[in-house]
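Position one of the sequence shown corresponds to residue 0 (numbering that gives the first Met the number 0), numbered consecutively onward. No residue lacks a Cβ here, since even glycine has one placed at the ideal position from N, Cα and C. All values reported here derive from a predicted model rather than from experimental measurement.
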Amino acid sequence: MTLTSRLAVVAMVFFGALAAQADQIKVGPPGSPGIVYNNIRVTSIREGLLYFVTAGGEQSALVENIQELKIDRYPDYAKADALLNEKDYAGAAKVLDKLAENVKEDWLKTLVMAKLVFALDRSGQFSKAMIRYLQLIQLDLSDYIVNLVPQQLPQDVKQRKEAASQLEQDMQFVAEPKVRELLQKVLTALKEAPGEAEPIVMPPSGGGTSGGGGLVAGSTEASRDIVEELLNKKEYESALKLIDEQIQDPRSTLSKLLYRRGLALAGLGRNEDAAVAFMRVIVHFRPHTTSYYQLSLIEAGKVFVKLEQPDHAKALWTEAKGMIRDDDETAKEVDQLLSGLK
């Protein structure tokens, strides 16, 4: 290879890397302001976590906590998201169907396919949605992805029979127990008369909903978050009990549960216990390894104010402010908290 050829290859790699790093992601629990990371490069999706590289090193986020994802080299991804948010599911399905055939990155194919399954299901294309779902679970078997099984069953009796027959055939080639369990629920519902079938209840995935953005915009039914519902309804005792049960599950996201435990305890007025819960996130996890680190800094500061320890609150909020990148809403909140200290 000549020097000119080598330089051309180096230039392609270098400028290709720069283009890849022009992407942006916003992550955070549903309903939270989220944390924005600019100039990222996504590397993979593994076991329900999306891994990406920033200037500060590799980060990861639960796929259900992805509030926004902008990919410069695939503008149709943002176009599909906009259509989903407008509830134009048929339009989104057309865009995503084409995109699914063109993307080369495995991690992005998983995201696109997940959105496509949802869009097809919501637009009344159950059979196509099921075909894509069976392809999707070959890419990713994390609980969140598995729980995206199509649920909008055909209302026409003939179509229902045909769908049930096809699903019975397809299930012969599905070995994963948790997938078979869900597909069996769908099959049972298909064999019932329209309007008589029991709702298909998804097992808990250990993750949050994706409402208000997320991996699949608007798919709150796909992964119902009971703890979040209880916290929003201020049913703190019930939320705390469920959180303590989930903490015993080794598959759970500990930083998330500790943060939520702090919210529940603070809601009950148990401020010292709440401070301990939030501080466990801050002490045991590194900054940027979990979106709950910054959230815990903010909430712990609020608790320390109630405990009449404003110096601790100031230190925590100052650290939180230093972590904020291109998130005006959170920056404004922290500035207001700091200015409110006496």
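Collapsed DSSP secondary structure at residue i in the structure displayed
| i | result |
| --- | --- |
| S43 | strand |
| Q165 | helix |
| A60 | strand |
| I34 | strand |
| A174 | coil |
| G261 | helix |
| V226 | helix |
| L140 | coil |
| A192 | coil |
| N146 | coil |
| D327 | helix |
| Q293 | helix |
| T252 | coil |
| K232 | coil |
| L340 | coil |
| R279 | helix |
| R179 | helix |
| L306 | coil |
| G300 | helix |
| L267 | coil |
| T208 | With a pLDDT of only 32 at T208, under the threshold of 50, the placement of this residue in the model should not be trusted, and no figure is reported. |
| A7 | Confidence at A7 is low in this model, with a pLDDT of 38, below 50, so its placement is unreliable and no value can be given for it. |
With 16 other Cβ atoms within 10 Å as the buried cut-off, status of residue i
| i | result |
| --- | --- |
| A89 | exposed |
| P74 | exposed |
| N101 | exposed |
| K184 | buried |
| G261 | buried |
| F303 | buried |
| E271 | exposed |
| S43 | exposed |
| T329 | buried |
| D155 | exposed |
| E236 | exposed |
| A118 | buried |
| E307 | exposed |
| R121 | buried |
| N84 | exposed |
| K103 | exposed |
| L340 | exposed |
| M11 | Unreliable placement is indicated for M11, whose pLDDT of 34 sits below 50; the coordinate value is still reported in the next sentence. When all chains shown are included, M11 counts as exposed. |
| S338 | exposed |
| K366 | Look at the range of the chain in this structure, 0 to 341, and you will see that residue 366 is not part of it. |
| N64 | buried |
| G47 | buried |
| R285 | exposed |
| D334 | exposed |
| E227 | buried |
| A79 | buried |
| Q58 | buried |
| A319 | buried |
| A192 | exposed |
| G27 | buried |
| L336 | buried |
Where the beta strand (DSSP E) containing residue i begins and where it ends
| i | result |
| --- | --- |
| V52 | 48 to 53 |
Range covered by the alpha helix (DSSP H) that runs through residue i
| i | result |
| --- | --- |
| K69 | Per DSSP, K69 belongs to no alpha helix (DSSP H); it is in the beta strand (DSSP E), 65 to 69. |
| K25 | First-last for K25: 22 to 26, but that is the beta strand (DSSP E), not the alpha helix (DSSP H). |
| G321 | 309 to 322 |
| P74 | 74 to 84 |
| L133 | 125 to 135 |
| D96 | 88 to 101 |
| K240 | 235 to 246 |
| F284 | Element bounds for F284: n/a, residue is neither H nor E. |
| D155 | That residue, D155, is in no alpha helix (DSSP H); it is neither H nor E in DSSP. |
| L110 | 105 to 121 |
Chain-order list of residues whose beta-carbon lies under 7 Å from that of residue i (same chain, five-residue window excluded)
| i | result |
| --- | --- |
| V173 | R179, L182 |
| S204 | The predicted position of S204 is uncertain, since its pLDDT is 45 and thus under 50; no value can be drawn from it. |
| G212 | Below a pLDDT of 50, predicted positions are generally treated as unreliable, and G212, at 41, falls in that range; no measurement from the model is reported. |
| I281 | Y292, S295, L296, A299 |
| D169 | L133 |
| A276 | L257, R260, G261, L264 |
| G177 | In the sequence on display, residue 177 carries Lys and not Gly. Here the set comprises V145. |
Close-in-space but distant-in-sequence residues of the same chain around residue i (CB under 6 Å, 5 per side omitted)
| i | result |
| --- | --- |
| E220 | Its pLDDT being 40, under 50, E220 is placed unreliably in this model, and the value from its coordinates should be taken loosely. There are no such residues. |
| T53 | Y36, I39 |
| M129 | P149 |
| G255 | A small correction: the amino acid at residue 255 is Lys; Gly does not occupy that position in the sequence shown. These residues qualify, in order along the chain: Y291. |
| G300 | A312, L315, W316 |
| L375 | With the chain running from 0 to 341 in the structure shown, residue 375 is simply not present. |
| I246 | L256 |
| G123 | none |
Residues near residue i in its chain [Cβ-Cβ closer than 8 Å; skip 5 each side]
| i | result |
| --- | --- |
| A163 | L186, L189, K190 |
| D105 | S43, I44, L138 |
| K97 | D75 |
Check: Are the segment 27 to 35 and the segment 318 to 326 touching, with three or more C-beta to C-beta distances below 8 Å?
Finding: yes
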